[in-house]
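Take a look at the structure set out below.
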Amino acid sequence: MAIMTTPHISADGISRHFGGLVAVDQVDFAVPRGEIRAIIGPNGAGKSTFVGMLCGRIPVSAGRIMFDGKDVTALPAHKRIRQGIAYTFQITSIYGRLSLKDNVRLATSWRWGNDEQAIQNTIEESLEKVGLADRMDQMAGDLSYGHQRLLEIAMGISQHPQLLILDEPTQGLADSEIAGFVKLIRELGGDMTILLIEHNMNVVMDTADQITVLNLGKVLATGTPADIRGNRDVQIAYLGETHA
Amino acid sequence: MIEKTGMTDARKSLYFHLGLIGALFILQFILPAYHHGNLARIMVLACYAMGYNILFGYTGLLSLGHAMFFAAGMYGMGLPMVHLGWTPEPALISAIVVGVVVSAGIGFLALRTSGVSFMIVTLMFAQAGFLTILYFGEWTRGDEGFVIKQAERVMAGFDLSQPTNRYNAALILFSICLLLTIRLVHSRFGRVMIAIRENEERTHMLGYDVHFHKWMAVIMSGTMAALAGAAYALLFGYAGATFASVQYSIFPLLWVLLGGAGTALGPFIGTLFMFYLIDLSSSFTTAYMLIAGLALVLLTLFLPQGLVGEFRRKVVPWLS
Chain A
202 MAIMTTPHIS ADGISRHFGG LVAVDQVDFA VPRGEIRAII GPNGAGKSTF VGMLCGRIPV
262 SAGRIMFDGK DVTALPAHKR IRQGIAYTFQ ITSIYGRLSL KDNVRLATSW RWGNDEQAIQ
322 NTIEESLEKV GLADRMDQMA GDLSYGHQRL LEIAMGISQH PQLLILDEPT QGLADSEIAG
382 FVKLIRELGG DMTILLIEHN MNVVMDTADQ ITVLNLGKVL ATGTPADIRG NRDVQIAYLG
442 ETHA
Chain B
21 MIEKTGMTDA RKSLYFHLGL IGALFILQFI LPAYHHGNLA RIMVLACYAM GYNILFGYTG
81 LLSLGHAMFF AAGMYGMGLP MVHLGWTPEP ALISAIVVGV VVSAGIGFLA LRTSGVSFMI
141 VTLMFAQAGF LTILYFGEWT RGDEGFVIKQ AERVMAGFDL SQPTNRYNAA LILFSICLLL
201 TIRLVHSRFG RVMIAIRENE ERTHMLGYDV HFHKWMAVIM SGTMAALAGA AYALLFGYAG
261 ATFASVQYSI FPLLWVLLGG AGTALGPFIG TLFMFYLIDL SSSFTTAYML IAGLALVLLT
321 LFLPQGLVGE FRRKVVPWLS
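Here the protein sequences line up with chains A and B, keeping their order. Numbering (the working numbering) for the first sequence: 202 to 445. Numbering (the working numbering) for the second sequence: 21 to 340.
The structure is reproduced here in structure tokens:
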């Protein structure tokens, strides 16, 4: 049953051209508050470009983005972050020469003013959630790749965002770590809206309320995991027409 | 490093640097006149290097045009003293104002570029500044420069041409710049500067206005360089276009690299080291720049983090 409410984040005909190449082509998109939405699609479908526009990292060529009822299209990325959007990069992006503690501190300290105790608590709590609390004083660059990914997620969580955008968070994680990640996302799902670009279909099926499929810069389908699993267009896009 | 110690790292670092300032104060009673004079000069030049270090060492922006800021302070001080008959106090304020204005303007324009383009743009601006000084030779006396008379270099009753006063004035300035640097590095603003150096994109996507922080870093860096330029003119009584040349943009880069970029003390150690390297080698050969160059190459190869940087890495990780 669809009830008409203001979506938490929405895109209205957004496009992005890189020279002659159209990476994202007039996409309409809306996610209600508190939903976990997976964005899937073959390589080069425009997924990263699309979420890049939502968080402000990549300017739109056309269209409008609304977040929490406000038009944020013209807002630079750092201001969108401060309005409650957190973003993790597809390729792990942390401060390798700083401690885990200092990595999370940078992510969260602007929220708290001079409340040092709140900062400390948030750092501990966020690292705890991803299971890295005991490594707080280590240099982030000394962590394994999987742990660096988890650190980046902890940095996102520490901002207590309303909207968390995760670009391929499980890439490079071990199976046991993926299980922990799925559990974490489910826990967070109640508190915040989550956009998840993900290639691992098990993770998508286990976490997403709804799935949006992008192909060649356009929305191919949107629906529940069951809908998408049975969608013939999606199968064609993934497997190629001749194999369908 | 994991166990908690009684004193915070910031505090230990502060005491270490206060100790150094104390040592420099005592040195003036011990040093022979020649080295006494040298050290005063080195402390002023180290302020220039510390200014450079704010931008290069802590924020990760490599400028090749800092001579322009040094000269802005030097002429901001010297010109009103010589042509308008100003006393050193208002002239010092004028030098700081000129430093802020020039670095804010140049920073605003140069930060539209990044990486190699930033280096080239700052280099070009500095060249333009150098040529401007030559063009207005009637007032600046160009390459030849001008002397600020001894009688005019009296500030708050102290004759700054007198060696003891000069040394202590240089030490006060040096202490201010050093403590400001340490304060900055431990502030929230300083942490963001370091974050930009380490990973600019990540910092932006954590909610920081990277461009604003960089601009502020250029202004702080440029103004400290200008302050050093002003002090140089006042303490040594001379302003000349050489100080605005490319050579003087390269010097602070070398000093900071040698001493350790991103360390509070590195700029001073680098300046001290290079000053005496040139001084000693020129006492027994005319090819002293060859020796200096060779030493620089060896240091860069074997101590890539600079003297203080390597010292911090191996001995005292808590150093600012």
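Glycine included, every Cβ here is placed at the ideal spot set by N, Cα and C.
Between the C-alpha atoms of Met88 of chain B and Val420 of chain A, what's the straight-line distance to the nearest angstrom?
Rounded to whole angstroms, Met88 of chain B to Val420 of chain A spans 54 Å at the Cα level.
Name, going along the chain, the residues of the segment 314–327 of chain A whose beta-carbon falls closer than 8 Å to a beta-carbon of chain B.
Listed by position, the residues of the segment 314–327 of chain A near chain B (Cβ gap below 8 Å) amount to none.
Give a yes or no on whether the C-beta atoms belonging to Ile354 of chain A and Leu385 of chain A are separated by under 9 Å.
Contact flag set, yes.
Based on the DSSP secondary-structure assignment, which residues constitute the bridge partners of Ser216 of chain A?
DSSP output for Ser216 of chain A lists A:Ala263 as bridge partner(s).
Who are the neighbours of Ile295 of chain A on chain B, taking C-beta pairs under 8 Å?
Per Cβ cutoff of 8 Å: Asn219 and Arg222.
Using the three-state DSSP reduction, which class does Leu397 of chain A fall into: helix, strand or coil?
Three-state DSSP puts Leu397 of chain A in a strand.
For the segment 273–290 of chain A, enumerate the residues whose C-beta is nearer than 7 Å to any C-beta of chain B, in chain order.
Taking 7 Å as the Cβ-Cβ cut-off against chain B, the residues of the segment 273–290 of chain A that qualify are Ala278, His279, Ile282, Arg283 and Tyr288.
Measure from the C-beta of Arg306 of chain A to each C-beta in chain B and report whether the shortest distance is under 9 Å.
Yes - at least one Cβ of chain B is within 9 Å of the one on Arg306 of chain A.
First and last residue of the alpha helix (DSSP H) that includes Lys280 of chain A?
Note, Lys280 of chain A: alpha helix (DSSP H), Ala278 to Arg283.
Roughly how many angstroms separate the alpha carbons of Thr425 of chain A and Ala275 of chain A, rounded to a whole number?
Cα to Cα, Thr425 of chain A sits roughly 32 Å from Ala275 of chain A.
Report yes if the C-beta distance between Ala341 of chain A and Arg306 of chain A is below 9 Å; otherwise report no.
Not in contact: Ala341 of chain A and Arg306 of chain A (Cβ atoms no closer than 9 Å).
Please tell me whether Gly264 of chain A and Ala224 of chain A are closer than 9 Å, where the distance is taken between their beta carbons.
No.
Return the chain-ordered list of same chain residues with a C-beta closer than 6 Å to the C-beta of Leu397 of chain A, the five sequence neighbours on each side being excluded.
Hits under 6 Å: Ala239 and Leu367.
Evaluate His103 of chain B with the Cβ neighbour count: other Cβ atoms within 10 Å of its Cβ, from every protein chain shown; 16 or more gives buried, anything less gives exposed.
Exposed is the call here.
For Asp179 of chain B, write down the residues that DSSP places opposite it in a beta bridge.
Bridge partners of Asp179 of chain B: B:Val174.
Could you tell me the alpha carbon to alpha carbon distance between Gln284 of chain A and Ser300 of chain A, rounded to whole angstroms?
Roughly 26 Å between the two C-alpha positions.
Could you tell me which whole beta strand (DSSP E) segments of length 3 or greater appear in the segment 21–100 of chain B?
If we require 3 residues or more, the segment 21–100 of chain B turns out to have no beta strand (DSSP E) run fully inside it.
In whole angstroms, give me the CA-to-CA distance for Gly42 of chain B and Glu158 of chain B.
The alpha-carbon atoms of Gly42 of chain B and Glu158 of chain B are separated by roughly 44 Å.
From Lys24 of chain B to Ile286 of chain A, what does the alpha carbon distance come to, in whole angstroms?
Residue confidence is low: Lys24 of chain B scores 44 on pLDDT, short of 50, so the model does not pin down where it sits. No coordinate-derived value is stated.
Less than 9 Å between CB atoms is the rule here; does Ser310 of chain A satisfy it with respect to chain B?
Taking Cβ atoms only, chain B reaches closer than 9 Å to Ser310 of chain A, which makes this a yes.
In whole angstroms, what separates the C-alpha of Gly357 of chain A from that of Ala308 of chain A?
Rounded to whole angstroms, Gly357 of chain A to Ala308 of chain A spans 7 Å at the Cα level.
Kindly indicate which three-state DSSP category Asp272 of chain A falls into: helix, strand or coil?
If DSSP states are grouped into helix, strand and coil, Asp272 of chain A belongs with the strands.
To which residues does DSSP link Thr184 of chain B through a beta bridge?
Bridge partners of Thr184 of chain B: none, in fact.
Using only CA atoms, which one of B:Leu154, B:Arg132 and B:Phe36 lies nearest to Val238 of chain B?
Answer by Cα proximity: B:Arg132.
Need the endpoints of the beta strand (DSSP E) that Asp226 of chain A sits in, please.
Its beta strand (DSSP E) spans residues Leu222 to Val232.
In the structure shown, what three-state DSSP assignment does Gly424 of chain A receive?
Strand.
Flag Asp343 of chain A as yes if its beta-carbon sits less than 9 Å from any beta-carbon of chain B, otherwise no.
Judged by the 9 Å Cβ criterion, Asp343 of chain A is not in contact with chain B.
Between Leu204 of chain B and chain A, is the shortest Cβ-Cβ distance under 9 Å, so that the two count as touching?
With 9 Å as the cut-off, Leu204 of chain B does not count as an interface residue toward chain A.
Contact between the segment 271–285 of chain B and the segment 110–125 of chain B: three or more CB pairs below 8 Å?
As far as the Cβ criterion goes, the segment 271–285 of chain B does not touch the segment 110–125 of chain B, which means the pair count is below three.
Comparing the C-beta of Val328 of chain B with each C-beta of chain A, is any distance below 9 Å?
Chain A, which has no Cβ nearer than 9 Å to the Cβ of Val328 of chain B, makes this no.
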